[in-house]
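Yeah, the sequence shown ends on 137 if you go by numbering that gives the first Met the number 0, and it's all consecutive.
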Amino acid sequence: MKLPYSGGCACGEIRYNISDEPIFMNDCQCRDCQRMSGTGHGSYLTFPSRNNVKLNGEAAYFDMVGDSGNTKAGHFCPKCGSPVYLTFAAMPELFTVHAASLDEPSRYKPQVVTYVMRGYDWDHLDPSLPKFDKMPPA
0 MKLPYSGGCA CGEIRYNISD EPIFMNDCQC RDCQRMSGTG HGSYLTFPSR NNVKLNGEAA
60 YFDMVGDSGN TKAGHFCPKC GSPVYLTFAA MPELFTVHAA SLDEPSRYKP QVVTYVMRGY
120 DWDHLDPSLP KFDKMPPA
């Protein structure tokens, strides 16, 4: 049996425990992710079902409209400001966590880089990863 993925914000007010395995792990260079992370990309693990997520604490959130025209919500701790997870209006079953919010960030193994069309030369990512101008096809 695999260990659950656990994590939360910097101050501990928000905690999660996820019993699923991630279906997608990516570094994203879109402008929204750059702004949320404060650097050149965001790193994420996406899980297939919110049913297998135990979430403690009340997150604040803000909505963004992505390049697809779909709304995504960035959830963060109202006390310490740490970004913790994302949800997507068009895919409400998915639950995406920021890799740095994991208790064991070494469990993050990026599979691809998305939105390289928005990337910067100074943001050095693994050159061996497949790269996509937007999101890869399903």
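Glycine included, C-beta positions come from ideal geometry on N, C-alpha and C.
Being a predicted model, the structure only gives us computed values, none of them experimental.
query                                                                                                                                      : result
With distances taken Cα to Cα, identify the nearest neighbour of N50 among Y15, G37, M134.                                                 : Y15
Could you pull the start and end residues of the beta strand (DSSP E) that R14 belongs to?                                                 : 14–17
By Cβ distance below 6 Å, which residues in the same chain neighbour I13 in space, the five residues on each side in sequence not counted? : G7, G56, A58, C76, V83
Suppose only complete runs of 3+ residues qualify. What are the beta strand (DSSP E) ranges in the region 61–115, listed by chain order?   : 70–75, 82–87, 94–97, 111–113
CA-CA distance, M90 and F46?                                                                                                               : 11 Å
Do three or more CB pairs link the region 23–34 to the region 97–114 at distances below 8 Å?                                               : yes
Relative to the alpha-carbon of H123, which residue among S18, P104, S42 has its alpha-carbon at the smallest distance?                    : S42
Given H40, which residues of its chain have a CB within under 8 Å of its CB, disregarding the five upstream and five downstream residues?  : D26, C27, Q28, C32, Q33, V112, G118, D122, L124
State the Cα-Cα distance for the pair G71 and S18, rounded to the nearest angstrom.                                                        : This sequence places Lys at residue 71; Gly is not what is there. Distance between the alpha carbons of K71 and S18 is about 23 Å.
For S139, does the three-state DSSP call read helix, strand or coil?                                                                       : The requested residue 139 is not part of the displayed model; the chain covers only 0 to 137.
How many Å lie between F131 and K78 at the Cα?                                                                                             : 35 Å
Consult DSSP for D132 and reduce its assignment to one of helix, strand or coil.                                                           : coil
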